[in-house]
Amino acid sequence: MSPSVGEIVLNRELIAQHFLMRVRLPVSWATPLPGQFVMVRVRDGRDLLLRRPLSVYTFDRNENSLIIELIYRIAGKGTFALSRRKAGEYIEILGPLGHGFDIFPEMRKIVLLAGGIGVAPLSFLASHYRELPTGNQQEIISYLGAKSTDQLVGADKMKELSTEMRISTDDGSSGHHGFITELLADDMESFTGGNSVVYACGPSPMMRRLAEVLNGQPIPCQVSVEERMACGIGACLGCAIHVKDRGDKTSVSHGGTKDNEPQYKHVCKDGPVFNIRDIIWS
Ligand code: FES
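Okay, structure coming up:
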């Protein structure tokens, strides 16, 4: 796959350190699925390390144009360089990449758990569910967690898409004072295996706690893993994740062939979406 060149339409700070970038791409660009990502070249140059993986936040195609939106947080030099890019400039984008979320049109309750910037792929997923023929009958219950009110990104859009939305902040400045997984744990008895599916994206501690909350519950759960990536296409081995050995030959074995030895998968190629129960949250 070759990268496409898009025109930056907008690159604006939404809240402190969090930006929304809108890019116009060639109409021939493939339609992304919720959970898929793109590799964005933050500035000119051939270095692979100039690329950053960003989840697709919105996607809109008509006859004459194709627009995607991406949300990112300044977390280092690369994303800082990206934040300096201006409308009217051109930017190289590779994608859509990876495996997105599975869709369950038969489920009545779609539960979304987002930590920080993890709201981006889940917001796209919520839009996708709303566009299904069954979209009006499905309840979308979203849980958004952040460090503080001024770090809550994407809440307005998620609220529009949700039947119900709950918020937590670590400092108690909005919603529940504590972790978002605590709110979900309190509500767990209203979700059952036959009618609910959980999707999540956020920092590893949140995902680890979610895995504990769901332990023993027959509820499907898919998570989009946030991982550092250099190539985004399975070529650099820089995004390995530790998974349970289910005899899957696509796993990368390290150190022999015995049962129960560590197995790894590539977040970029095998994910970024995984069954939460396949990941070893060390
Ligand atoms: Fe290079 Fe995944 S980012 S293999």
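If you count the sequence shown from 1, you need to add 412 to reach the working numbering.
Virtual Cβ for every residue (Gly too), placed ideally from N, Cα, C.
- Item | 8 Å Cβ cutoff met for LEU437 and SER416 | Less than 8 Å divides the Cβ of LEU437 from the Cβ of SER416.
- Query: What three-state label does DSSP hand ARG640 in the structure shown?
  - Reply: If DSSP states are grouped into helix, strand and coil, ARG640 belongs with coil.
- Verify the contact flag: MET641, CB atom, against every heavy atom of ligand 1, threshold strictly below 7 Å. Yes, the Cβ of MET641 comes within 7 Å of a heavy atom of ligand 1.
- Task: Take HIS678 as the anchor and find which of ASP657, ALA647, ASN687 and ILE688 has the nearest alpha-carbon.
- Result: Distances from the CA of HIS678 to each of ASP657, ALA647, ASN687 and ILE688 were compared; the closest alpha carbon is that of ALA647.
- Give the straight-line distance between the Cα atoms of CYS643 and PRO632, rounded to the nearest whole angstrom. CYS643 and PRO632: Cα-Cα distance of roughly 30 Å.
- Message: Tell me the residue span of the beta strand (DSSP E) that contains MET600.
- Response: Under the DSSP assignment, MET600 falls outside any beta strand (DSSP E); it carries neither an H nor an E label.
- Task: Consult DSSP for GLY530 and reduce its assignment to one of helix, strand or coil.
- Result: Taken through DSSP and simplified to helix, strand or coil, GLY530 comes out as helix.
- Query: Closest to GLY557 by CA distance: which of LEU466, THR581 and THR546 is it?
  - Reply: Residue THR581 is the option with its Cα nearest to GLY557.
- Residues in its own chain within less than 8 Å of TYR502 by CB, not counting five upstream and five downstream? Leaving aside the five residues that flank TYR502 on each side, the residues in its chain whose CB is nearer than 8 Å to its CB run, in chain order, VAL417, GLY418, GLU419 and ILE420.
- Inspect the CB distances between the segment 605 to 623 and the segment 489 to 504 and report whether three or more fall short of 8 Å. As far as the Cβ criterion goes, the segment 605 to 623 does not touch the segment 489 to 504, which means the pair count is below three.
- Message: Against chain D, does CYS651 count as a neighbour if the rule is that its beta carbon must be under 8 Å from one of theirs?
- Response: Going by chain labels, chain D is absent from the structure shown, which holds only one protein chain.
- Message: Pairs of beta-carbons, one from the segment 622 to 642 and one from the segment 680 to 691, closer than 8 Å: are there three or more?
- Response: In the pairwise beta carbon analysis, the segment 622 to 642 is classified as touching the segment 680 to 691: at least three pairs are separated by under 8 Å.
- Message: Quick test of your reading: GLN634 and VAL655, contact by CB under 8 Å. State the CB separation rounded to the nearest angstrom.
- Response: GLN634 to VAL655, Cβ: 14 Å. No contact.
- Say yes only if the C-beta of HIS678 is nearer than 7 Å to one or more non-hydrogen atoms of ligand 1, and no if none qualify. Within the cutoff, so yes.
- Task: Helix, strand or coil for MET390, going by three-state DSSP, please let me know.
- Result: Not covered by the structure: residue 390. The range shown for the chain is 413 to 694.
- Given GLY512, which residues of its chain have a CB within under 7 Å of its CB, disregarding the five upstream and five downstream residues? The residues are LEU445, PRO446, GLY447, GLN448 and VAL685.
- Query: Got a sec: does ligand 1 put a non-hydrogen atom nearer than 7 Å to the Cβ of ILE681?
  - Reply: The identity of residue 681 in the sequence shown is Lys, whereas the question assumes Ile. Answer for LYS681: yes, Cβ within range of ligand 1.
- When the Cα atoms are used, what is the spatial distance from ASN423 to VAL454? In a straight line, the C-alpha of ASN423 is about 12 Å away from that of VAL454.
- Starting from the Cα of GLU481, find the closest Cα among PRO533, VAL637 and GLU572 and give me that residue. Ranking PRO533, VAL637 and GLU572 by CA distance to the CA of GLU481 puts PRO533 first.
- Query: Rounded to a whole number of angstroms, what is the C-alpha to C-alpha distance between ASP568 and GLU601?
  - Reply: Between the alpha carbons of ASP568 and GLU601 lies a distance of about 27 Å.
- Item | Straight-line Cα distance separating TRP693 from HIS666 | At HIS666 the pLDDT is 40, less than 50, meaning the model places this residue with poor confidence and gives no usable figure here.
- Query: Rounded C-beta distance between TYR611 and LEU524? I'm assuming under 8 Å.
  - Reply: Between TYR611 and LEU524 a beta carbon distance of about 5 Å is seen, short of the 8 Å cut, so the two are scored as contacting.
- Item | Length of the line joining the Cα atoms of PHE603 and LYS521 | Here the alpha carbons of LYS521 and PHE603 stand approximately 7 Å from one another.
- Item | DSSP bridge partner residues for ASN687 (one or two, in chain order) | Under DSSP, the beta-bridge partners assigned to ASN687 are GLN634.
- Message: For ILE427 and LEU537, what's the separation of their Cα atoms in angstroms?
- Response: One C-alpha to the other measures close to 22 Å.
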